[in-house]
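S.K.: Next up is a structure, given as structure tokens.
Number of protein chains: 10
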Amino acid sequence: MSDNFRETLETFENPRPERDYWIEIQCPEFTSVCPKTGQPDFGTLTFRYVADQHCIELKSLKLYLQRYRSEGIFYERITNRIMDDFVAVVQPRRCTLESRWTPRGGISSVITVEYPDA
Amino acid sequence: MSDNFRETLETFENPRPERDYWIEIQCPEFTSVCPKTGQPDFGTLTFRYVADQHCIELKSLKLYLQRYRSEGIFYERITNRIMDDFVAVVQPRRCTLESRWTPRGGISSVITVEYPDA
Amino acid sequence: MSDNFRETLETFENPRPERDYWIEIQCPEFTSVCPKTGQPDFGTLTFRYVADQHCIELKSLKLYLQRYRSEGIFYERITNRIMDDFVAVVQPRRCTLESRWTPRGGISSVITVEYPDA
Amino acid sequence: MSDNFRETLETFENPRPERDYWIEIQCPEFTSVCPKTGQPDFGTLTFRYVADQHCIELKSLKLYLQRYRSEGIFYERITNRIMDDFVAVVQPRRCTLESRWTPRGGISSVITVEYPDA
Amino acid sequence: MSDNFRETLETFENPRPERDYWIEIQCPEFTSVCPKTGQPDFGTLTFRYVADQHCIELKSLKLYLQRYRSEGIFYERITNRIMDDFVAVVQPRRCTLESRWTPRGGISSVITVEYPDA
Amino acid sequence: MSDNFRETLETFENPRPERDYWIEIQCPEFTSVCPKTGQPDFGTLTFRYVADQHCIELKSLKLYLQRYRSEGIFYERITNRIMDDFVAVVQPRRCTLESRWTPRGGISSVITVEYPDA
Amino acid sequence: MSDNFRETLETFENPRPERDYWIEIQCPEFTSVCPKTGQPDFGTLTFRYVADQHCIELKSLKLYLQRYRSEGIFYERITNRIMDDFVAVVQPRRCTLESRWTPRGGISSVITVEYPDA
Amino acid sequence: MSDNFRETLETFENPRPERDYWIEIQCPEFTSVCPKTGQPDFGTLTFRYVADQHCIELKSLKLYLQRYRSEGIFYERITNRIMDDFVAVVQPRRCTLESRWTPRGGISSVITVEYPDA
Amino acid sequence: MSDNFRETLETFENPRPERDYWIEIQCPEFTSVCPKTGQPDFGTLTFRYVADQHCIELKSLKLYLQRYRSEGIFYERITNRIMDDFVAVVQPRRCTLESRWTPRGGISSVITVEYPDA
Amino acid sequence: MSDNFRETLETFENPRPERDYWIEIQCPEFTSVCPKTGQPDFGTLTFRYVADQHCIELKSLKLYLQRYRSEGIFYERITNRIMDDFVAVVQPRRCTLESRWTPRGGISSVITVEYPDA
Numbered sequence: 001m002s003d004n005f006r007e008t009l010e011t012f013e014n015p016r017p018e019r020d021y022w023i024e025i026q027c028p029e030f031t032s033v034c035p036k037t038g039q040p041d042f043g044t045l046t047f048r049y050v051a052d053q054h055c056i057e058l059k060s061l062k063l064y065l066q067r068y069r070s071e072g073i074f075y076e077r078i079t080n081r082i083m084d085d086f087v088a089v090v091q092p093r094r095c096t097l098e099s100r101w102t103p104r105g106g107i108s109s110v111i112t113v114e115y116p117d118a
Numbered sequence: 001m002s003d004n005f006r007e008t009l010e011t012f013e014n015p016r017p018e019r020d021y022w023i024e025i026q027c028p029e030f031t032s033v034c035p036k037t038g039q040p041d042f043g044t045l046t047f048r049y050v051a052d053q054h055c056i057e058l059k060s061l062k063l064y065l066q067r068y069r070s071e072g073i074f075y076e077r078i079t080n081r082i083m084d085d086f087v088a089v090v091q092p093r094r095c096t097l098e099s100r101w102t103p104r105g106g107i108s109s110v111i112t113v114e115y116p117d118a
Numbered sequence: 001m002s003d004n005f006r007e008t009l010e011t012f013e014n015p016r017p018e019r020d021y022w023i024e025i026q027c028p029e030f031t032s033v034c035p036k037t038g039q040p041d042f043g044t045l046t047f048r049y050v051a052d053q054h055c056i057e058l059k060s061l062k063l064y065l066q067r068y069r070s071e072g073i074f075y076e077r078i079t080n081r082i083m084d085d086f087v088a089v090v091q092p093r094r095c096t097l098e099s100r101w102t103p104r105g106g107i108s109s110v111i112t113v114e115y116p117d118a
Numbered sequence: 001m002s003d004n005f006r007e008t009l010e011t012f013e014n015p016r017p018e019r020d021y022w023i024e025i026q027c028p029e030f031t032s033v034c035p036k037t038g039q040p041d042f043g044t045l046t047f048r049y050v051a052d053q054h055c056i057e058l059k060s061l062k063l064y065l066q067r068y069r070s071e072g073i074f075y076e077r078i079t080n081r082i083m084d085d086f087v088a089v090v091q092p093r094r095c096t097l098e099s100r101w102t103p104r105g106g107i108s109s110v111i112t113v114e115y116p117d118a
Numbered sequence: 001m002s003d004n005f006r007e008t009l010e011t012f013e014n015p016r017p018e019r020d021y022w023i024e025i026q027c028p029e030f031t032s033v034c035p036k037t038g039q040p041d042f043g044t045l046t047f048r049y050v051a052d053q054h055c056i057e058l059k060s061l062k063l064y065l066q067r068y069r070s071e072g073i074f075y076e077r078i079t080n081r082i083m084d085d086f087v088a089v090v091q092p093r094r095c096t097l098e099s100r101w102t103p104r105g106g107i108s109s110v111i112t113v114e115y116p117d118a
Numbered sequence: 001m002s003d004n005f006r007e008t009l010e011t012f013e014n015p016r017p018e019r020d021y022w023i024e025i026q027c028p029e030f031t032s033v034c035p036k037t038g039q040p041d042f043g044t045l046t047f048r049y050v051a052d053q054h055c056i057e058l059k060s061l062k063l064y065l066q067r068y069r070s071e072g073i074f075y076e077r078i079t080n081r082i083m084d085d086f087v088a089v090v091q092p093r094r095c096t097l098e099s100r101w102t103p104r105g106g107i108s109s110v111i112t113v114e115y116p117d118a
Numbered sequence: 001m002s003d004n005f006r007e008t009l010e011t012f013e014n015p016r017p018e019r020d021y022w023i024e025i026q027c028p029e030f031t032s033v034c035p036k037t038g039q040p041d042f043g044t045l046t047f048r049y050v051a052d053q054h055c056i057e058l059k060s061l062k063l064y065l066q067r068y069r070s071e072g073i074f075y076e077r078i079t080n081r082i083m084d085d086f087v088a089v090v091q092p093r094r095c096t097l098e099s100r101w102t103p104r105g106g107i108s109s110v111i112t113v114e115y116p117d118a
Numbered sequence: 001m002s003d004n005f006r007e008t009l010e011t012f013e014n015p016r017p018e019r020d021y022w023i024e025i026q027c028p029e030f031t032s033v034c035p036k037t038g039q040p041d042f043g044t045l046t047f048r049y050v051a052d053q054h055c056i057e058l059k060s061l062k063l064y065l066q067r068y069r070s071e072g073i074f075y076e077r078i079t080n081r082i083m084d085d086f087v088a089v090v091q092p093r094r095c096t097l098e099s100r101w102t103p104r105g106g107i108s109s110v111i112t113v114e115y116p117d118a
Numbered sequence: 001m002s003d004n005f006r007e008t009l010e011t012f013e014n015p016r017p018e019r020d021y022w023i024e025i026q027c028p029e030f031t032s033v034c035p036k037t038g039q040p041d042f043g044t045l046t047f048r049y050v051a052d053q054h055c056i057e058l059k060s061l062k063l064y065l066q067r068y069r070s071e072g073i074f075y076e077r078i079t080n081r082i083m084d085d086f087v088a089v090v091q092p093r094r095c096t097l098e099s100r101w102t103p104r105g106g107i108s109s110v111i112t113v114e115y116p117d118a
Numbered sequence: 001m002s003d004n005f006r007e008t009l010e011t012f013e014n015p016r017p018e019r020d021y022w023i024e025i026q027c028p029e030f031t032s033v034c035p036k037t038g039q040p041d042f043g044t045l046t047f048r049y050v051a052d053q054h055c056i057e058l059k060s061l062k063l064y065l066q067r068y069r070s071e072g073i074f075y076e077r078i079t080n081r082i083m084d085d086f087v088a089v090v091q092p093r094r095c096t097l098e099s100r101w102t103p104r105g106g107i108s109s110v111i112t113v114e115y116p117d118a
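Protein chains in written order, with the UniProt record's numbering: chain A, 1 to 118; chain B, 1 to 118; chain C, 1 to 118; chain D, 1 to 118; chain E, 1 to 118; chain F, 1 to 118; chain G, 1 to 118; chain H, 1 to 118; chain I, 1 to 118; chain J, 1 to 118.
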């Protein structure tokens, strides 16, 4: 798996860095591939973060997430990896990322990662 | 962008200033313009505040929000700016403002600002 | 506006005063008149209280609220006034009153009062 | 009103008394009689408790609640009485009981009792 | 009842053990048998856990839960037993398990177990 | 089972008999007793009719339905019997009666009777 | 009861009389008084009509409906009367009027009138 | 697969055979086994029928449906087979059977059979 | 009001003109101005049509609808005008247009136009 | 675009060809690519058909739909093409296919194709 996905992410200057405020971004059209079965997975990603100097640029986030369309990767790993990329580029004060996946075999999963660690 | 929008906001005297109580105002018909694409944006603004000496007059709030109908401004900036105008005119003890935007490119955003800073 | 509305409120003896417990009462059929426009307003009132020696008698509460049917009064003032009458007559240990109003000009309001003051 | 209703309640041994865990039981088919009007009342009872040595046996709870079918009793009193019977027989570590009643005269009520007292 | 069900559970290595994060797994297709009536029971199990060194492998969890299809066992006991098996195999830092059962005789139950004990 | 329940039903004069129009009445608080198990049944009755010379008086309908509170009678028979009583007293031009029952043993029923026969 | 309520209704010229099209108007804030109990009734009125030469002017409809605020009148009669006034003033090609009332004594009603008669 | 399942079905005499009326029965707790994968399937069966001389006895229907718990059978075949058994035993005037299955591989199915053939 | 709005609408060739099939397009972000009050109106437009030789190009439809952002025009007129423009440019075999408007003064409207005339 | 996608579709023998019955299949995880923008599209496909001699095999349908994951194709063309492939392979007596797409630029689409042509 290529490691330079995060280069796709772009930011813009936080218009009010002196204030702590929350930005929530819902991305219900995420899809990747299960590395075990080769079948596509579908999920909704929700970012919630307090910006420091930078805010995420939404179109770049969309393009970044689309790069996973052909990647074979498990739920737990993908959620942590996207969180790491987001934190590395945006450098938020606080952030949570929730990934909510459609059912497989009658079972559905939700992964929730938090930064900094609780 | 003109800066005197807040002149439109009017208040009336808080009928019970000795009591802390919450007033929530939902405005689902907000629209402005994306400065990048020139396309209209649509959102729902929700104010929640504890009045001090003044309460916001609802018709003036409606007219104030309508002034953004032709303004080109990003989500993060607009939410902070409206908060600043609201706080400057109403001078509440506490206030939150949430802006919830319709999806663009499959992605939706919610911005939540708090006064005084958390 | 007449001031003796609270005479309509009746109570009965709390059957278990030694225990703190919550009573919630929803009244979705409240209507009064906007003093500015002369138009009727419609709202849902929700009382939540911990009784001390007295519980509110529901039929008397219904008749009390009906007395506002022709009263011209603003959201903030009416919510505080009903709270004051309720507290004066029932003398609860704790109480909140929420009034939730139907939209006017695309804007809806919710007022929440708490006793004793937070 | 007969006082021996609680004899109907039966328990079985808690299979894991060394662990604190919550058991919630929803009973949407409760009915009694209003002592003032003689009209039937309908409500949903929800028990939430942490068992100590005993768990409530569900069929006995159903039969116990059916004994109120012809009883004339007010909301506040019935909720406290059922709570007392439940606590006396099951002897839980903690318990809440919520009774949620269908509307009468456009007004609905919810009573919430907690053990031990908050 | 056979005791070796937990042998069916498999794990994989937690891809980010240095971070505390939550994994939620919903299993709405659980069925077992009531030991009293011999009738099938139906429920939804929801696991929420913070992995330590291991994550649960979902297909093995599905197969493990299917082993209860012919088991006669009460709600309280089954929930505690599944929790014990899960904790023994996965060794999570924290875990909750909720079992939500379809109504019987007009009554529904929800059992919630927590590890470590609250 | 007593047969004179229908004497409880009262009517008033249809204010517009020259016009065919529909009246729908929802009664979600119906309860009777299962003659096989002795357990209470709970259902929602919905009448839809076109009045001829008479309309049903709602309070008398409520009292009529309450007379089934201690009657042991099956779903199919009760629905047909109430329909017969309603038609005999109100003499509507057309009528349907739907009874919708809460689940028993994981199974729920709806009975729909029509007059005149389809 | 005064009979000249319909004078309040105003119309404007149908902008496209050569085309049959449907106009639906929902009025969820209707209130009148029960002539038997003196208690207020609350309902939602829904008009659906095909205009001929005239369309109803919405503000005049609002004012017309407000005139029933103190009128004592039964569900069936009020629905027919409003229909007659609407048809007399607007002279639509087709029209239905549905009135949906909040529950009284656990029973709710819906009246549906059609013009011309089915 | 054994063929004598239908012997489990029992009926009782239709209390009003001279009237055509509909009986709907919802069974949300159906489970069988996929013959291809050996995995359990879960579905909701809904019967709607007009009885002739016989009505289905609900407890026998429940026991009949439980016999499929260990049967390996496809959606289309099971729905047709249950329909055939129901028609053979109950001999209704008209009947439909809908089976609605939980998703597998992101795909859900609904089968609807009608008697007599449309 | 300018009359050349329809020049903004563009089409592409129907990929299967030999087959009658329905295309539905929901546009929840429509806004225009009330010519009487000068206040903005908000609505959802839903087109349903059977294409003949041409399909509507969605981006051009979006731009076309945005041209009404500053137009003062009533509900009935705007719905008919958009229908006329759509029919003139797309020349569908059949078409309906529904406009659903947010409440004003507690009243909401829905206009439904059909082509060819019913 | 390759034309041999339909080779992926497999069928099995209809277990009851002498009976007309409906099979509905919901596929909420469809994704393709917009040929104009290069951006992914997401939709839900719903097939409803009456089988003749063959039923669609669900796993083959899933694999067939996944082949569109990298295809650039418009809504109208894709819906017609999938319909043609389905009809060619399954040869149903009747069939409808509905494709429901997530919003783009604030606009959502639904395409509904029917076989044989209405």
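For each residue, glycine too, the CB sits at the ideal point set by N, CA and C.
These numbers come from a predicted model, not from an experiment.
Using beta carbons (cut-off 8 Å, strictly below), is residue 14 (chain H) in contact with chain A?
M.R.: The residue labelled residue 14 (chain H) in the question sits at position 14 within the eighth sequence. False, the Cβ-Cβ gap to chain A never drops below 8 Å.
S.K.: The stretch 93-104 of chain C: which residues have C-beta closer than 8 Å to a C-beta of chain I, in chain order?
M.R.: Residues 102, 103, 104.
S.K.: Enumerate in chain order the residues of its own chain whose CB-to-CB distance from residue 76 (chain J) is below 8 Å, with the five nearest sequence positions on each side excluded.
M.R.: Translated into positions along the tenth sequence, residue 76 (chain J) becomes position 76. Correct list, in chain order: 111.
S.K.: DSSP puts residue 72 (chain D) in a beta bridge; with which residues?
M.R.: Counted from its first residue, the fourth sequence places residue 72 (chain D) at position 72. In DSSP, residue 72 (chain D) forms a bridge with D:33.
S.K.: Could you tell me which residues DSSP pairs with residue 92 (chain D) in its beta bridges?
M.R.: Taking the fourth sequence and counting its residues from 1, one reaches residue 92 (chain D) at position 92. In DSSP, residue 92 (chain D) forms no bridge with anything.
S.K.: Using a C-beta to C-beta distance shorter than 9 Å, which residues of chain E count as neighbours of residue 76 (chain A)?
M.R.: In the first sequence, the residue the question calls residue 76 (chain A) occupies position 76. In chain order: 12, 14, 15, 16, 21, 23, 51, 55.
S.K.: Pick from H:8, H:17, H:88: whose alpha carbon is nearest that of residue 53 (chain H)?
M.R.: Residue 53 (chain H) sits at position 53 when you count from the first residue of the eighth sequence. Among H:8, H:17, H:88, the Cα nearest to that of residue 53 (chain H) belongs to H:17.
S.K.: From J:109, J:79, J:103, pick the residue whose C-alpha is nearest to that of residue 95 (chain J); which is it?
M.R.: On the tenth sequence, position 95 is the one that residue 95 (chain J) refers to. That would be J:79, whose Cα lies nearest to the Cα of residue 95 (chain J).
S.K.: Less than 8 Å between C-beta atoms, sequence neighbours within five positions excluded: which residues of the same chain meet that for residue 58 (chain D)?
M.R.: Locating residue 58 (chain D) in the fourth sequence gives position 58, counting from the first residue. Answer for residue 58 (chain D): 25, listed in chain order.
S.K.: By the three-class DSSP mapping on this structure, what secondary structure does residue 7 (chain E) have?
M.R.: Taking the fifth sequence and counting its residues from 1, the one referred to as residue 7 (chain E) is at position 7. Helix at residue 7 (chain E).
S.K.: What number of angstroms, rounded off, separates the C-alpha of residue 55 (chain F) from the C-alpha of residue 92 (chain F)?
M.R.: Residue mapping note: residue 55 (chain F) aligns to position 55 of the sixth sequence, counting from 1. Residue mapping note: residue 92 (chain F) aligns to position 92 of the sixth sequence, counting from 1. Distance between the alpha carbons of residue 55 (chain F) and residue 92 (chain F) is about 8 Å.
S.K.: Helix, strand or coil: how does DSSP classify residue 84 (chain D) here?
M.R.: Position 84 of the fourth sequence, counting from 1, holds the residue named residue 84 (chain D). It is helical.
S.K.: When we look at the beta-carbon of residue 106 (chain C) and count the other beta-carbons within 10 Å, is it buried (16 or more) or exposed?
M.R.: Position 106 of the third sequence holds residue 106 (chain C). So residue 106 (chain C) ends up on the buried side.
S.K.: Are there 16 or more other CB atoms within 10 angstroms of the CB of residue 62 (chain I), so buried, or fewer, so exposed?
M.R.: In the ninth sequence, residue 62 (chain I) corresponds to position 62, counting from 1. Looking at its Cβ environment, which holds 16 or more other Cβ atoms inside 10 Å, residue 62 (chain I) is buried.
S.K.: For residue 116 (chain E), which residues of its own chain have a beta-carbon under 8 Å away from its beta-carbon, when the five flanking residues on both sides are left out?
M.R.: As a working mapping, residue 116 (chain E) is identified with position 116 in the fifth sequence. Around residue 116 (chain E): 94.
S.K.: Any C-beta of chain I within less than 7 Å: which residues of the stretch 26-40 of chain G qualify?
M.R.: Cβ contacts with chain I: 26, 27, 28, 29.
S.K.: Do you know how far the Cα of residue 11 (chain B) is from the Cα of residue 98 (chain B)?
M.R.: Taking the first residue of the second sequence as 1, we reach residue 98 (chain B) at position 98. Taking the first residue of the second sequence as 1, we reach residue 11 (chain B) at position 11. The alpha-carbon atoms of residue 98 (chain B) and residue 11 (chain B) are separated by roughly 21 Å.
S.K.: Using 8 Å as the threshold, is the C-beta distance between residue 65 (chain G) and residue 34 (chain G) below it?
M.R.: Position 65 of the seventh sequence holds residue 65 (chain G). Position 34 of the seventh sequence holds residue 34 (chain G). Their beta carbons are not under 8 Å apart, which means residue 65 (chain G) does not touch residue 34 (chain G) by this criterion.
S.K.: How is the beta strand (DSSP E) around residue 115 (chain I) delimited, first residue to last?
M.R.: By 1-based counting over the ninth sequence, the position of residue 115 (chain I) is 115. Residues 108-115.
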